[in-house]
Amino acid sequence: MDGRDNIQEVSNRNEFTETSSASALFDASQHAFFGKDVLEEVELGGLEEDDGTQLVGFDDEEYRLSEREEDEGLGSLSDIDDLASTFSKVSGEIPATPDNQSVRTTYSGPLGSGEIEVKEEEEEQVVTPWEVGSGGGGKIDYDKLISKFGCQKLDPNLISRVEQLTSRPPHVFLRRGVFFAHRDFNEILDAYQKGDKFYLYTGRGPSSEALHLGHLIPFMFTKYLQDAFKVPLVIQLTDDEKCMWKKNLSVEESKRLARENAKDIIACGFDINRTFIFSNFGYMGGAFYENVVRVASCVSFNQVRGIFGFSPEDHIGKIGFPPVQAVPSFPTSFPHLFSGRDNPRCLIPCAIDQDPYFRMTRDVAPRIKYQKPALIESLFFPALQGESGKMSASDPNSAIYVTDSKNDIKKKINRHAFSGGQDSLENQRKYGANLEVDIPVKYLSFFLEDDAELEHIKKEYGAGRMLTGEVKSRLIEVLTEMVMRHREARSAVTDEMVDEFMAVRPLPGMFD
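All letters in the sequence shown, in the order written, are residues 1 to 512 by the UniProt record's numbering.
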């Protein structure tokens, strides 16, 4: 879970556009899933091939994340194609039209000939655990994402309840909408109010030597939740996943990176008496693996392909991984922690691109007699160059790293942070800055604690009374202080401390 990782490692994945039409049927092998224009049929030993001529049963249907309530029957492949796109597949490309306007076009193919009206669809944003793109180069539409995934907005009443139940002011990430969506967070609060405890689960995919600021966000927020609610936490390091997704990353190197990343995680200040950190290579087996098998047995190949957009070229390790990320949300995966406990529920803080994993988990949980995990989900932390996607560790100039020096931070902000200020002093004074696209203001919204100062900067900068250089200068101060503080904390983390956090042990005072 990269919510976690915020690294783009899958290229060559095209978006697919969902439509409301479910009346047109076509051969399933012609449908594109984030990749090939024509999906090749692959014969797998022991599996029967679909003939593509009829709707399939529950266990073999394509899994759709949008326009479907949880626990509803899973939609079929034909639900996500319309007549126009069907004809485009059997007779060639339909001419593109400007400005999303409709035209009439003729077709001729195996199904006959005639004339249809075609309306060009706007480019869809793509949000998966491995790829984030806004479509058309604009901003991510989070309202559309909530509708697509079927989660709920985090409303002010829930934030007020957190303050009431914990006797602590809401974290800045709650106050400013950084964590903005949820699944059943209200039920977690209801149960907590009655005296029922829960546990936290988050994670990290160790694909790089150091974390960037986007990686820190879920851990900073999870520490707040652990301290505020006084609950245990499990942190999964998916070192196995990264070997399967990142070319030329060996098992040995991935295991080493997991321990290095664990030091950065520990430096966030987690309570060792309430925290268990584990790597998949080091921990998976026993009750944990039994739950992996239970989940895997409930999800068909077609379903996991529909959820995650796997292509025929993806190796079977990728296809089999999702249950491994699912099962830490079940307390029976950790008998050394929860044996004899009253089946505590799990709350998962993560970025919203991880939602597909846990939508799958929540659909499976009742079938194997487990409680559904609850989620609280964040926005993406934008790259320095703009917020059409999320930070990428593959581009060092798109991110501020916890290993960056003061001079590195200053150079990156001054040279690469996209500004909403005007192109001249005169125009800036006259028109003010566009705060909607200004990255320094966005970053200050994440990390400047003082609400009054942030509002003052927005007001003055937006009115043209403050210049871009002044805003960037303040951001450099804020980020430098935060990164230097983290580096100091990390320098105190020893290998022995990592061993202690990762030791399989009971945590007797974890709910005290």
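All residues carry an ideal CB built from backbone N, CA and C; glycine is no exception. A quick note: this is a predicted structure, and the numbers were derived from the prediction, not measured.
Whole angstroms is fine: what's the gap from residue 155's alpha carbon to residue 180's? Straight-line Cα distance between these residues: approximately 8 Å.
Of the listed residues 264, 239, 477 and 373, nearest to residue 321 (C-alpha basis): Taking only the C-alpha atoms, the option nearest residue 321 is 239.
What is the rounded straight-line gap between the Cα of residue 231 and the Cα of residue 160? Each residue's Cα considered, the two are about 20 Å apart.
Counting pairs of Cβ atoms below 8 Å between the stretch 402-419 and the stretch 342-360, do you hit three or more? Fewer than three beta-carbon pairs drawn from the stretch 402-419 and the stretch 342-360 are found closer than 8 Å, and the two stretches are therefore not classed as touching.
Tell me the DSSP secondary structure of residue 381 in three-state form. If DSSP states are grouped into helix, strand and coil, residue 381 belongs with coil.
Output the boundary residues of the beta strand (DSSP E) element that contains residue 182. 179-183 is the span of the beta strand (DSSP E), which, as asked, contains residue 182.
Restricting to Cα atoms, I'd like to know which of 130, 146 and 263 is closest to residue 536. The chain is shown from 1 up to 512; residue 536 falls before or after that span and cannot be answered.
If you run the structure through DSSP and keep just helix, strand and coil, what is residue 308? Shown here, residue 308 sits in a helix according to DSSP, grouped into three states.
Inter-residue spacing [alpha-carbon to alpha-carbon] between residue 354 and residue 143: Distance between the alpha carbons of residue 354 and residue 143: 16 Å.
Any idea if residue 438 is buried or exposed, counting beta-carbon neighbours within 10 angstroms, 16 or more meaning buried? So residue 438 counts as buried.
Decide if residue 157 is buried, meaning its Cβ has at least 16 other Cβ atoms within 10 Å, or exposed. The residue is exposed, with fewer than 16 neighbouring Cβ atoms inside 10 Å.
Residues in its own chain within less than 6 Å of residue 184 by CB, not counting five upstream and five downstream? For residue 184, where only same-chain residues beyond five positions count, the Cβ hits under 6 Å are 374.
Give the straight-line distance between the Cα atoms of residue 416 and residue 174, rounded to the nearest whole angstrom. C-alpha separation (whole angstroms): 28 Å.
State the DSSP-derived secondary structure class of residue 203, mapped to helix, strand or coil. Three-state result, residue 203: strand.
C-alpha distance - residue 187 paired with residue 309, whole-angstrom precision: C-alpha separation (whole angstroms): 31 Å.
Would you mind sorting residue 432 into buried or exposed? The rule is 16 or more other CB atoms within 10 Å of its CB. Flag for residue 432 reads buried.
Going by the CB atoms, is the gap between residue 377 and residue 352 shorter than 9 Å? A distance below 9 Å separates the beta carbons of residue 352 and residue 377.
Which one of 291, 318, 241 and 444 has the shortest CA to CA distance from residue 301? Among 291, 318, 241 and 444, the Cα nearest to that of residue 301 is on 318.
What number of angstroms, rounded off, separates the C-alpha of residue 462 from the C-alpha of residue 435? Here the alpha carbons of residue 435 and residue 462 stand approximately 6 Å from one another.
Check the C-beta distance from residue 449 over to residue 162 and give it rounded, since I have them as a contact under 8 Å. In this structure, residue 449 and residue 162 do not form a Cβ contact; the two beta carbons are roughly 17 Å apart against a cut-off of 8 Å.
Tell whether a beta-carbon distance below 9 Å holds between residue 178 and residue 379. A contact, by the Cβ cut-off of 9 Å.
So the candidates are 506, 280 and 385; which of them puts its Cα closest to the Cα of residue 398? Here the closest residue by C-alpha is 385.
Might you give, ordered along the chain, the residues of its own chain that have their beta carbon closer than 8 Å to the beta carbon of residue 273, omitting 5 neighbours on each side? Around residue 273: 507, 509 and 510.
Just tell me which of 126, 182, 139 and 138 has its CA closest to the CA of residue 150. The residue with the shortest Cα to Cα distance from residue 150 is 182.
Quick check: the Cα distance between residue 486 and residue 383, rounded to an integer number of angstroms? Annotation: residue 486 to residue 383 spans about 20 Å, alpha carbon to alpha carbon.
Pairwise C-alpha distance: residue 467 and residue 425: Approximately 8 Å between the Cα atoms of the pair.
Three-way DSSP call (helix, strand, coil) for residue 18 in this model: Low local confidence applies: a pLDDT of 40 at residue 18 is under 50, so the model's placement there is unreliable, and no value is given.
Within 10 angstroms of the Cβ of residue 285, are there 16 or more other Cβ atoms? Answer buried if so, exposed if not. Exposed, because fewer than 16 other Cβ atoms sit within 10 Å of the Cβ of residue 285.
Buried or exposed: residue 207, going by 16 or more other Cβ atoms within 10 Å of its Cβ? Buried: at least 16 other Cβ atoms inside 10 Å.
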